[in-house]
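Asker: The numbers in our numbering rise by one with no breaks, and the one at position 52 of the sequence shown is 36.
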Amino acid sequence: MIPLWGVNLTQNKKNEIANGRELIVATVAKKIDIQEVQDRAEDLEAKASLPLVWRIIQWVCGLAAVIVAIGFMRGAAKVGVEQAFENAPALIWIFAACLIVYIVLKIWGNRRNHAVMTSGEVQQFDADVQEVVGAAYEELGVPEDAVRLDAFVFRYKEKDGKISVRSMGFFDFINVEVRAYIKDGDLCFADTESVYALPMTSLKGIQTVKKTALFHGWNKELPPTDKSFKPYRVAVNQYESIYCKPYHILEAEIGGQTWGVYFPGYELPAYEALTGLQASEKGE
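Here it is as structure tokens:
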């Protein structure tokens, strides 16, 4: 199988070119400067967050307060609350000091975040991004009623015909949003640079992979913790990477080769509605 938007490291571990160039039917004349967008986003994120040293102090104080509180409660369970106060009065002061510092920094951080996120700078950034993205979709001929779908970009190696996803540190997949629509008998997927076309007659099925997908990036208006995503076992870990189980692969046979569009489980209803296919389980 050839994963669409997958990066094959089998022969070249430094490869950075994603699969799918053979399926491109339209490309914008001028690509979006992704690095510029990322730099502006990172600048805004830095303004919205506490300086690193204060974030570290906040984390240390919060952890210290929890440890002291647990130690005090264990002692109180053995000798009683009053005796515990008498035995370790210094711990109470340490707990109070750490808790106060943590709360003060938490409030400060929340206020910074609110001030930046409601500022005109953020609103202008959002407007600029939407304008550039809108212009790209217009040039590509993407219809306004195209469906917004998530899909996975990932690195992999292939052995004996099996795909082995390679970790990127805290996650395995990057979750990207594409616009999907049907045109002239093709299922089209558009990003801000190109349109990829899969003939509807080439679509063979949607396979369910009963494994956990650990991914980075969230494109929905509702947060991943919203109850609507609970049936798809979506969760967020301490590194802000997102889980879901299972995930799926839309398969197509083109020119004697099998192509696969990997996507998170919560998008299954949308993919099924768009393709008319029903998911089946994959034995891997």
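Ideal placement from N, C-alpha and C gives every residue a C-beta, glycine not left out. Source: prediction; values computed, not measured.
Using the Cα positions of residue 141 and residue 171, report the straight-line distance between them to the nearest angstrom.
Answerer: One C-alpha to the other measures close to 27 Å.
Asker: Three or more C-beta pairs closer than 8 Å, one from the region 42 to 54 and one from the region 113 to 124: is that the case here?
Answerer: Verdict: no, contact absent.
Asker: Helix or strand or just coil, what does DSSP make of residue 162?
Answerer: Looking at residue 162 - three-state DSSP - the assignment turns out to be strand.
Asker: Quick one: what's got a C-beta closer than 8 Å to residue 156's C-beta in the same chain, skipping five residues either side?
Answerer: The residues are 138, 149, 150, 197, 198, 199.
Asker: Leaving out five residues before and five after residue 158 in sequence, what residues of the same chain have Cβ atoms less than 8 Å from its Cβ?
Answerer: Here the set comprises 136, 137, 138, 152, 199, 200, 201.
Asker: Mind pulling the beta strand (DSSP E) runs of 3 or more residues that sit fully within the region 167 to 255?
Answerer: Listed in chain order, they are 170 to 174, 178 to 183, 187 to 193, 197 to 200, 226 to 228, 231 to 238, 241 to 248.
Asker: Which of helix, strand or coil does DSSP assign to residue 267?
Answerer: Confidence at residue 267 is low in this model, with a pLDDT of 42, below 50, so its placement is unreliable and the value that follows should be read with caution. Coil at residue 267, not helix or strand.
Asker: Where do the N-terminal and C-terminal ends of the alpha helix (DSSP H) with residue 40 fall, by residue?
Answerer: That run of the alpha helix (DSSP H) goes 36 to 63.
Asker: Residue 267: buried (16+ other C-beta within 10 angstroms of its C-beta) or exposed?
Answerer: Residue placement at residue 267 cannot be trusted, given a pLDDT of 42 that sits under 50; the coordinates are not used to answer.
Asker: Compare the Cα-Cα distances from residue 26 to each of 105, -3, 89 and report the closest residue.
Answerer: Cα-wise, what sits closest to residue 26 is 105.
Asker: On the CB-based measure, 16 or more other CB atoms within 10 Å of its CB, does residue 206 come out buried or exposed?
Answerer: By the neighbour-count rule (16 or more Cβ atoms within 10 Å), residue 206 is not buried but exposed.
Asker: Sort out for me which residues DSSP pairs residue -13 with in a bridge.
Answerer: In the DSSP output, where bridge partners are listed per residue, residue -13 has 244.
Asker: Near residue 180, which residues of its chain fall below 8 Å by C-beta distance, leaving aside the five closest residues on each side in sequence?
Answerer: Cβ neighbours of residue 180 beyond the five flanking positions: -12, 4, 7, 8, 9, 172, 173, 174.
Asker: Could you compute how far the alpha carbon of residue 218 sits from the alpha carbon of residue 224?
Answerer: Computed Cα separation, rounded: 12 Å.
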